[in-house]
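Going by numbering that gives the first Met the number 0, the sequence shown opens with residue 0, and the numbers climb by one from there.
Glycine included, each C-beta is placed from N, C-alpha and C at the ideal position.
Keep in mind the model is a prediction, meaning the values are calculated, not measured.
The next block holds one structure in the form of structure tokens; read it before the comments.
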Amino acid sequence: MGLESVATAQRNPLADFFTGPPPTVVDSEEVRKARVRLVPGARAHWHSHGWGQLLLPEEGRGRFQEQGGALRELVPGVPVYSAGGVMHWHGAAPDEGLVMIAVQGGGAEWGDPVSDEQYLAEPVP
0 MGLESVATAQ
10 RNPLADFFTG
20 PPPTVVDSEE
30 VRKARVRLVP
40 GARAHWHSHG
50 WGQLLLPEEG
60 RGRFQEQGGA
70 LRELVPGVPV
80 YSAGGVMHWH
90 GAAPDEGLVM
100 IAVQGGGAEW
110 GDPVSDEQYL
120 AEPVP
């Protein structure tokens, strides 16, 4: 009498939706996501994430800056990514709120508050 191993009996549920071998999904408790709503003028302190951060603006307008880089405007439909270990900040515009999805991993290292001078600078187009 033959026995079939449990490993060979299980089938990847994504197999019907990929040509070639289906992907292996590796989940981690260190990858977090949140839908964030910021009121006008609200902003995070300078910070970095070990595995980086992806921002997906949905409504309103915001601001984003990496250390040493130009101030950029956050607008719906235009994703922004900051690589792991890169200090950056993000927040709502001074006169408009922001709703965005944030996906990050690897924990956060926090720095100083963003100065009013940095925050109120003119974003690049």
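> Thinking just about the alpha-carbon of each residue, which of 122, 9, 52 and 44 is nearest to the one in residue 81?
Replying inline: 52
> Which whole-angstrom value is the C-beta distance of residue 112 and residue 44, which I expect to be below 8 Å?
Replying inline: 5 Å
> Do three or more CB pairs link the stretch 9 to 20 to the stretch 68 to 80 at distances below 8 Å?
Replying inline: no
>> Going residue by residue through the stretch 13 to 99, where are the continuous alpha helix (DSSP H) segments of at least 4 residues, counting only ones entirely within it?
In response: none
>> Check this for me: beta carbons of residue 117 and residue 64, under 9 Å apart or not?
In response: yes
> Excluding sequence positions up to five away, which residues of its chain have a Cβ less than 6 Å from the Cβ of residue 120?
Replying inline: 70
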